[in-house]
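To convert a position in the sequence shown, counted from 1, into our numbering, add 416.
Glycine residues also receive a C-beta, built at the ideal position from the N, C-alpha and C atoms.
Model, not experiment: these values are computed from the prediction.
Structure, as structure tokens:
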Amino acid sequence: MDDMFAKLSAANAQTQKAKCLEFFGFFDDEIKRNELAVHLVMLIILFTIRGNPIMDENDVRIVNEQRRHHKNLLKRYLESLYGEQARRIIDRLPKALEMLNDIARNAGMLFMGCVRTGEAEDLPAEFFMIK
């Protein structure tokens, strides 16, 4: 895990590392060890609207519908595996997803100040025909 944060500035690295470790620790082992549950959580995250994006009303409705659908699938799946014990896991999911959204919200700023400007400016020219 340390290598993952090695290139970040000291302040960003410690903050983001603490948030990631808290998030990983918050998820129940039953989910962490279950590949299907992890995939369902990833789909829930995929269908999460963050901030205030410019989206058509119909798109927002579809995204929210898909999110609800996958949350219900995960709930029913966990209930089929763990019965009444699933409630404990399910009750913790909203907090875990909120933590992950917080991590994702700040992800765009993580490498700010870490990239040498002279090197970064040339990169788009390598991929696009810019003159």
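The continuous alpha helix (DSSP H) containing I447 extends over residues D445 to K448.
In chain order, N517, A520 and R521 place their CB closer than 8 Å to the CB of R466, counting only its own chain and leaving out the 5 sequence neighbours on each side.
Of the residues assessed, I478 falls on the exposed side of the cut-off, its CB having fewer than 16 other CB atoms within 10 angstroms.
Using a C-beta cut-off of 8 Å, the stretch 473-490 makes no contact with the stretch 434-443, since fewer than three inter-stretch Cβ pairs fall below that distance. Boundaries of the alpha helix (DSSP H) harbouring I460: E451 to L462, taken from the DSSP string.
Assignment of N480 by DSSP, reduced to helix, strand and coil, places it in the helix class.
Selection D444, D445, R483 and N468 evaluated against L462 yields R483 as nearest (Cα-Cα). Looking only at V457, H485 and L452, the smallest Cα-Cα distance to R508 is reached by V457.
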